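Residue numbers (this note's numbering): 17 to 176.
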């Protein structure tokens, strides 16, 4: 499939610098709470360089929440859930954009183990970019919301 036909997802930093551009094939689920995109041939552009991972990847955009999640697969088996703390996604047709707020949470495929990443980067960028109080508050609240999501069995059932 030509990249022009794909759904484009752009992650930016607080200073509006583009961090990552990902490409997905289709929407597999959309409701008032979230939007799920998928591709069986994951491609992205980072620092101007196109990468082709060649495997399945799902992206869950949580509507009204300050986080989204990538679902990683290895040999068609779910490997992990990678949550990005991020601003609310702006969705327009086949283009989605959000600001990455640095903090990430990684869940094992069985949801038993969670690792929090890049808190130090968040703290450094908070000072460097002078994050607003609301950005800081929403980002930290999102971390707690993601931790709570771990116990939401009806949500996780979608990925069994």
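Positions of the beta carbon are idealized from the N, C-alpha and C atoms, including for glycine.
Small disclaimer: the values here were computed from a predicted structure and weren't measured.
Proximity of residue i and residue j at Cβ, strictly below 9 Å
i, j, result
"residue 83", "residue 99", "yes"
"residue 48", "residue 115", "no"
"residue 129", "residue 138", "no"
"residue 132", "residue 119", "yes"
Other residues of its chain near residue i: CB distance less than 8 Å, five sequence neighbours each side excluded
i, result
"residue 75", "25, 38, 40, 52, 53, 54, 84, 85, 86, 87"
"residue 44", "52, 53, 54, 74"
"residue 56", "41, 71, 72"
"residue 90", "71"
"residue 160", "none"
Cβ-Cβ separation, residue j to residue i (assumed contact under 8 Å), whole Å
i, j, result
"residue 60", "residue 36", "6 Å"
"residue 104", "residue 162", "In fact, because the Cβ distance is near 15 Å, the residues do not count as touching under 8 Å."
"residue 101", "residue 158", "5 Å"
"residue 69", "residue 50", "Actually they do not touch by this definition, with Cβ atoms about 23 Å apart."
"residue 96", "residue 125", "6 Å"
Rounded C-alpha distance that separates residue i from residue j
i, j, result
"residue 17", "residue 71", "Only weak support is given to the placement of residue 17: the predicted model assigns it a pLDDT of 45, under 50, and the value that follows is read from those uncertain coordinates. Roughly 14 Å between the two C-alpha positions."
"residue 111", "residue 23", "6 Å"
"residue 64", "residue 27", "13 Å"
"residue 143", "residue 107", "29 Å"
"residue 31", "residue 145", "7 Å"
"residue 140", "residue 149", "15 Å"
"residue 66", "residue 21", "16 Å"
"residue 46", "residue 156", "26 Å"
"residue 81", "residue 117", "13 Å"
"residue 113", "residue 147", "19 Å"
"residue 164", "residue 92", "27 Å"
Close Cβ partners of residue i (< 6 Å) along its chain, the five nearest in sequence each way excluded
i, result
"residue 134", "118, 119, 120"
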